[in-house]
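In my numbering, the protein residues as written are 1 to 176.
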């Protein structure tokens, strides 16, 4: 899924979906007593109440919630397969070695400009863009790179520092 002069790999990390939200209020309205029956319902098992009523999990548990998706490109030119695999990712970590005025150099060396990385992120509809693999020429001033990315993608483009921890919120979903 990458395009570089030498062998290069990218990764797609997909978290398993999570259980739907348990609607405690709805369960109590149906007569389910607080306690072990709540857990049984949340685990997908029907429960029988003292009066013989059977409560099904789908009555009190929302749809499964999607896990998070992170895409890491490694060294690459901006190519359509990256756009495809990054579609709707929570975080895209993308090569952004040069500014746009060095686009020809980026093409020759199999790298991307910050603007190109931001374009990929925008086309893919990702939520956040972490720009990496910056040329040493920008070591003391990465502002031009950052400005290009923000101009194309907005404030959700950023340059993480070595050792940073990036919190990736769970995707929003409509459920109970």
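Glycine included, each C-beta is placed from N, C-alpha and C at the ideal position.
For residue 40, same chain residues with a beta-carbon under 7 Å away, outside a window of 5 residues either side, are 47 in chain order.
For the region 28-94, the continuous alpha helix (DSSP H) assignments of 4+ residues that do not extend past its boundaries occur at 36-42, 80-85, in sequence order. In this structure, DSSP gives residue 128 a state outside helix and strand, which the three-state scheme calls coil. For residue 165, the three-state secondary structure derived from DSSP is coil.
Bridge partners of residue 158 according to DSSP: 130. Put simply, the backbone Cα of residue 60 is about 30 Å away from that of residue 167. In terms of CA proximity to residue 99, 136 leads the group 68, 136, 124. Straight-line spacing of the CA atoms in residue 54 and residue 32 works out to 10 Å. Under the three-pair Cβ rule at 8 Å, the region 110-118 does not count as touching the region 62-69.
If you compare the alpha carbons of 116, 117, 101, 126 with that of residue 87, the shortest gap goes to 126. According to the DSSP assignment, residue 12 belongs to the beta strand (DSSP E) that extends over 11-14. For residue 149, the enclosing alpha helix (DSSP H) covers residues 143-153.
A distance below 7 Å separates the beta carbons of residue 74 and residue 8. Approximately 6 Å separates the beta-carbon atoms of residue 96 and residue 134; this is inside 8 Å, confirming the contact. A residue is called buried when at least 16 other Cβ atoms come within 10 angstroms of its Cβ; residue 101 does not meet this threshold and is exposed. Partner residues in the beta bridge of residue 18, as assigned by DSSP, are 65. With fewer than 16 neighbouring CB atoms inside 10 Å of its own CB, residue 35 falls in the exposed class.
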